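Residue numbers (full-length UniProt numbering), protein chains in the order written: chain A, 1 to 364; chain B, 1 to 364.
There are 2 protein chains.
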Amino acid sequence: MNTHVVRVDIDHAPYDILIGKNLLATATAIGQHLRQPRVAIVTNTTVAPLYLSQLVFALQAQGISCQEIVLPDGEQFKTWESLNLIMDALLTERAERKTTLIALGGGVIGDMTGFAAAIYQRGVPFIQIPTTLLAQVDSSVGGKTAINHPLGKNMIGAFYQPKLVLADLDTLKTLPDREFSAGMAEVIKYGLIDDLEFLQWLETHIDALMARDETLLAEAIRRCCENKARIVAADEKETGQRALLNLGHTFGHAIEAGLGYGAWLHGEAVAAGMVLAAYASAALDHLSAEDVQRVIKLLEKARLPVISPNLGAEQYKALMAQDKKVDAGRIKFILLRQLGQAYIGELPETAIDAALSAGCEVVK
Amino acid sequence: MNTHVVRVDIDHAPYDILIGKNLLATATAIGQHLRQPRVAIVTNTTVAPLYLSQLVFALQAQGISCQEIVLPDGEQFKTWESLNLIMDALLTERAERKTTLIALGGGVIGDMTGFAAAIYQRGVPFIQIPTTLLAQVDSSVGGKTAINHPLGKNMIGAFYQPKLVLADLDTLKTLPDREFSAGMAEVIKYGLIDDLEFLQWLETHIDALMARDETLLAEAIRRCCENKARIVAADEKETGQRALLNLGHTFGHAIEAGLGYGAWLHGEAVAAGMVLAAYASAALDHLSAEDVQRVIKLLEKARLPVISPNLGAEQYKALMAQDKKVDAGRIKFILLRQLGQAYIGELPETAIDAALSAGCEVVK
């Protein structure tokens, strides 16, 4: 299989995403991007036994010295405390301004390592090696880094671009089914936002994709990265259209916070959140009932939750009011004008209520 | 007195420094720079009773709502914990992405508030109102923000530019003598780095400056800000010449860390550190003994310490090896080719030893 290259054209810091096989095991692309033959690899206890020694071996063979920082695994560890573990480790080993941080793992590792790179000594280079489908199509592209706060997800962070992203298909082989599905939620998101043709392509190939056909997966990842790269290059700091990428996320973040981080995977919450956004769009007469069912059906085939937990309308609203997209007290929602055409808008109370009553679990 | 305006021409984010009187009490310039009529003012327990109500009154008169965040005072509070207090307060009050943070205080408040602005919701606007001489001439210009870590000063931070800086001379009236002197250390630094004419001007006017003549002070602050703005505009991220601004800081940081943060003021440590840098430059035959004495005499007239604490050469070297300017294990020093001409270079062990034995307190 050929390696796909997607260029992310951020003004001041363009970089490449490589998508293919055998990227991690050779690590040749990494060596070319270092400012000194020294890296610190941040990973977690799940990924380390699978890929860390392979990566370290490939880097050491190029004469690169490697510090290993292994964190506990899970969204509930995306905290100040974990970030501080990275800082302590870097300072103890005297990592320098030219030392490159490498994020080896999923979205949580990528977000935390990117943020650590943004603030260690006011900024050091970093490289992403996303090992989950979700991270490959979404969180490793675009430079959003963050940690969570008890009062809100991703509330503390920075916009900070990597020097290089390696999306190695080999790492998807070991991905648990539930994580794989969570990644498909973000894949489907790109179709819903502004690529109807891709949505149709996904409907055609969903079964083969779920069977992890590598050629189709590489194609899907490339297409998602291209979509995201285009949106991010036009609006790095999310002053406008980049917010479209948050389709399903305002509801989704409320689900994650309401259930406690880690109970649902991020992608699962986004899937159920996209269904709520679809119901809300239907309440505004943008989508038909058939459109909503089409969204639900595709997500179901990707083995994702389509019914949201019943937190109660008040708790949903309180949690959503904490969202970063709030402006002068008004929550900005990402809604669908039609399938494949998202927009940023406000939701009347009645539409929120309609969406929640259609999309939430019925409490008996 | 007219208000001086110094433009800082950072590529992507130019901004003005206003230097004058009555800036805080009217706060008219602030209103024009807000993205929503809402600010959060971060200050400390020393500055709050002096200036907070005045500022809040002036802002509220313009219809701007103000959140007040008052931290304990001192370099020893420039920590994760204080930063977290700011984050907690902002999240509790649901500060938004367009809410502007205002730093009202000295260098510690400015550095922490700037860093908080850099990372809260991945970046919100901020405005600096430096209330110490040191902050007015140095730490509020150039966008370096940071907190300390037990293993090193300013090790965690970001480059993040303010939208506006107000240097109000009125605030210097209440500044304790020791703090005023500490600010003069940074003023003198600009003369030593690359402005011999300014150094001579300072030698002429040092007594009047120490008597806080407002016209002379405004002139000195303007000149320091212009010097710094020029250096920073050319090298925002300190990949080259910006490091010259760290004259006296490599030794100075070692003094601060060695004695425990807060024992000496930053400016005091920089003063003694500049004397060590001068001795080191003499050991390299760049400066004459008379040059070194000229530096010492000016610092003494500014009532600054010129003799460094005797931490022992080994501890000095160990602490300096933690500096951010270390590259591949080699410490970069800022040295003087002659008075008014600094350069970045390495120091042989013998020159470090010579400087420490000439400049440190003799233990009996």
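A virtual CB, placed ideally from N, CA and C, is assigned to each residue, including glycine.
Only a predicted model underlies this, so the values are computations on that prediction, with no experimental measurement involved.
Under 7 Å Cβ-Cβ, which residues of chain A neighbour residue i?
{"i": "B:LYS98", "result": "ASP327"}
{"i": "B:PHE159", "result": "ARG122 and GLY123"}
{"i": "B:ILE156", "result": "MET87, ILE119 and TYR120"}
Distance check for residue j and residue i, CA to CA, integer angstroms please.
{"i": "B:ALA229", "j": "B:THR204", "result": "24 Å"}
{"i": "residue 440 of chain B", "j": "A:LEU192", "result": "As displayed, chain B neither begins before 1 nor continues past 364, which places residue 440 of chain B out of reach and without an answer."}
{"i": "A:ALA220", "j": "A:TYR343", "result": "23 Å"}
{"i": "A:ALA208", "j": "B:TYR160", "result": "47 Å"}
{"i": "A:LEU151", "j": "A:ALA328", "result": "18 Å"}
{"i": "B:ALA354", "j": "B:THR79", "result": "34 Å"}
{"i": "A:ASP235", "j": "A:SER281", "result": "25 Å"}
{"i": "A:PRO14", "j": "A:GLN121", "result": "22 Å"}
{"i": "B:LEU164", "j": "A:GLU349", "result": "39 Å"}
{"i": "B:TYR279", "j": "B:THR45", "result": "39 Å"}
{"i": "residue 365 of chain A", "j": "A:ILE86", "result": "Outside the shown range of chain A (1 to 364) lies residue 365 of chain A, about which nothing can therefore be said."}
{"i": "A:ASP138", "j": "B:CYS224", "result": "45 Å"}
{"i": "B:LEU71", "j": "B:THR43", "result": "6 Å"}
{"i": "B:THR174", "j": "B:ASP111", "result": "21 Å"}
{"i": "B:THR3", "j": "B:ARG330", "result": "44 Å"}
{"i": "B:ASN84", "j": "A:THR26", "result": "41 Å"}
{"i": "A:LEU347", "j": "A:LYS332", "result": "8 Å"}
{"i": "B:GLU75", "j": "A:PRO49", "result": "42 Å"}
{"i": "A:HIS33", "j": "A:ALA318", "result": "45 Å"}
{"i": "A:ALA61", "j": "A:VAL47", "result": "21 Å"}
{"i": "B:THR28", "j": "B:LEU217", "result": "23 Å"}
{"i": "A:ALA116", "j": "A:GLN67", "result": "15 Å"}
{"i": "A:HIS149", "j": "A:ILE156", "result": "7 Å"}
{"i": "A:MET210", "j": "A:LYS189", "result": "16 Å"}
{"i": "A:ALA263", "j": "A:ALA271", "result": "14 Å"}
{"i": "B:ALA243", "j": "A:ALA257", "result": "44 Å"}
{"i": "B:LEU199", "j": "B:GLU179", "result": "21 Å"}
{"i": "B:ASP9", "j": "B:GLY142", "result": "10 Å"}
Does DSSP classify residue i as helix, strand or coil?
{"i": "B:VAL363", "result": "coil"}
{"i": "A:SER65", "result": "strand"}
{"i": "A:LEU287", "result": "coil"}
{"i": "B:TYR160", "result": "coil"}
{"i": "B:ALA25", "result": "helix"}
{"i": "B:HIS12", "result": "coil"}
{"i": "A:PRO130", "result": "strand"}
{"i": "B:ALA211", "result": "coil"}
{"i": "A:GLN338", "result": "strand"}
{"i": "A:LEU34", "result": "coil"}
{"i": "B:THR45", "result": "coil"}
{"i": "A:LEU18", "result": "strand"}
{"i": "B:ALA185", "result": "helix"}
{"i": "B:TYR279", "result": "helix"}
{"i": "B:TYR261", "result": "coil"}
{"i": "B:GLY240", "result": "coil"}
{"i": "B:GLY248", "result": "coil"}
Going along chain A in order, which residues have a C-beta closer than 9 Å to the C-beta of residue i?
{"i": "B:LYS144", "result": "ARG122"}
Quick one: which chain B residues come within Cβ less than 8 Å of residue i?
{"i": "A:ALA318", "result": "Within 8 Å Cβ-Cβ: nothing; A:ALA318 doesn't reach chain B, min ~11 Å."}
{"i": "A:GLY152", "result": "LEU91"}
{"i": "A:TRP80", "result": "TRP80 and ASN84"}
What residues of chain A sit near residue i, judged by a beta carbon separation below 8 Å?
{"i": "B:GLN322", "result": "LEU91 and ARG94"}
Under 7 Å Cβ-Cβ, which residues of chain B neighbour residue i?
{"i": "A:HIS149", "result": "MET87 and LEU91"}
Show which residues of chain B have a CB atom less than 9 Å away from the CB atom of residue i.
{"i": "A:GLN36", "result": "ASP327 and ALA328"}
Practice item. Could you tell me whether the segment 21-37 of chain B touches the segment 159-177 of chain B, where touching means 3 or more Cβ pairs closer than 8 Å? Key: yes
Practice item. Take every Cβ of the segment 97-111 of chain B, pair it with every Cβ of the segment 38-45 of chain B, and state whether three or more of those distances are shorter than 8 Å. Key: yes
Check your understanding: At which residue ranges does the segment 294-331 of chain B contain complete beta strand (DSSP E) runs of 3 or more residues, listed in the order of the chain?
Key -> For the segment 294-331 of chain B, not one full-length beta strand (DSSP E) segment reaches 3 residues or more.
Review point. With a cut-off of 8 Å, do at least 3 Cβ pairs link the segment 117-134 of chain A to the segment 177-194 of chain A?
Key: yes
Practice item. Spell out a yes or no on whether the segment 308-318 of chain B and the segment 346-361 of chain B are touching, meaning 3 or more CB-CB pairs, one atom from each, closer than 8 Å. Key: Yes, the segment 308-318 of chain B is in contact with the segment 346-361 of chain B.
**Study point:** Complete runs of the alpha helix (DSSP H) confined to the UniProt domain "3-dehydroquinate synthase N-terminal" (69-181) of chain B [at least 4 residues]
**Key:** 80-92 and 107-119
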